[in-house]
Amino acid sequence: MPFLSSLFDAPSRWTKLDPLASRAGATADRLLPGGRVRGLLHGRPAGHPLHPAMAMLPVGTSVSALLLDVAAVLVPGGAALGAPARGLAAASVATVAPTALAGWADYVDLHRDQQRTAIVHAAGNAVAATLWTASLFAGRRARLLRTAGTLVAGGAGALGGHLAYRWAAGPNHAEHLFHLAGGGEEFSDVGPLDDLPEGRPAQRRIGDAPLCVLRRGGSVMAITDTCTHLGGPLHEGEVKGTGEGTTITCPWHGSEFRFSDGEVLDGPASTPQPTVETRVADGRVLARVVGPPR
Ligand code: FES
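Here it is as structure tokens:
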């Protein structure tokens, strides 16, 4: 396995972290308020995960401070850059807590391999924040502490990127369905109406794209079946409401999506679910994936 990949994969196998990982999850569940506040931390109102967007603040300010510190050494009269670098370090410290809070909210629903990696990512960032904080009171050693903090944060940030890209913690898990279903150009036959159970969601497919299909009498509604959060099977979830307000709740972590527009109404998902248009003709159900909500 390539060196970088095996280096960043290592924390996912550190089972000694499991007691801490469990405690961190249980504590987040107890301390972080549910409902709207938790939704805000996940990024639900923005339709985008909040944690990676927030992470730009401590990263941007600390890297800017690092550049000023380098310039202070290289440029004649650069000592004057110490004050703005210190201000940027203070901004890094101030933005760490809300960034960590958003990450902690996302952490709760990750599986154990992801959680172990997230614990090491968080520990690295905690060390970085400690060094940045110490730099605010350090006098002549301030530049050294700021730089050390930013280097540690760089490693922790790279691990966070690995967690997102390699371990798929955070990305939209349903993005591919529109393309798998043929790009929504035409309606596809997904089977006889009479084969669908009344009032209970069932899985049907357009090609390789799974759909969650709900029959009520002679009408049918559907939504893509792979939850945008972490890929849970929506057709195993609970249906609520009627008409345009009908929703399905993911059985894995409780994200609730509206059939009509894919909107996330509750739970940890921040990305709306790709929607499906349906028709019934000659006793057959026709469907097409309309696409990711925009
Ligand atoms: S997979 Fe997490 S809410 Fe659906």
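Numbering (my numbering), first residue to last: 59 to 352. The beta carbon of each residue, even a glycine, is placed where N, CA and C say it ideally should be.
Secondary structure of Pro-110 (DSSP, three-state): helix. Within the model, the alpha-carbon separation for Gly-276 versus Val-248 is close to 15 angstroms. According to DSSP, Gln-261 shares a beta bridge with Cys-270. Here Arg-224 carries a coil assignment [DSSP, helix/strand/coil]. Taken atom to atom, the span from the alpha-carbon of Arg-224 to that of Gln-331 is near 22 angstroms. Distances from the CB of Asp-164 to the heavy atoms of the ligand FES are all 7 angstroms or more. In this structure, the alpha-carbon of Gly-212 lies about 10 angstroms from that of Gly-218. The three-state reading of DSSP puts Gly-249 in strand, counting E and B together. Inter-residue distance for Phe-245 and Gly-265 is about 12 angstroms (C-alpha atoms, whole angstroms). The Cβ-Cβ distance between Pro-156 and Met-112 falls below 8 angstroms. For the pair of segments examined, the stretch 133–153 was found to touch the stretch 196–213: the number of CB pairs separated by less than 8 angstroms reaches three.
Boundaries of the alpha helix (DSSP H) harbouring Val-185: 170–193, taken from the DSSP string. In this structure, the straight-line span from the alpha carbon of Ala-222 to that of Ala-232 is close to 15 angstroms.
A Cβ-Cβ distance of about 11 angstroms is found for the pair Cys-270 and Gly-290, leaving them out of contact under the 8 angstroms criterion. Distances between the C-beta of Gly-213 and the heavy atoms of the ligand FES are all 7 angstroms or more. Counting the other Cβ atoms within 10 Å of the Cβ of Val-347 gives 16 or more, which makes it buried.
Taking a cut-off of 8 angstroms on C-beta distances, the stretch 162–170 touches the stretch 95–114, as three or more cross pairs fall below it. Rounded to whole angstroms, His-220 and Asp-340 show a C-alpha spacing of 50 angstroms. Around Gly-299, the same chain offers Thr-305 as residues with beta carbons nearer than 7 angstroms, after the five sequence neighbours per side are excluded. In the DSSP annotation of this structure, Val-338 is not part of any alpha helix (DSSP H); the continuous beta strand (DSSP E) holding it starts and ends at 333–339.
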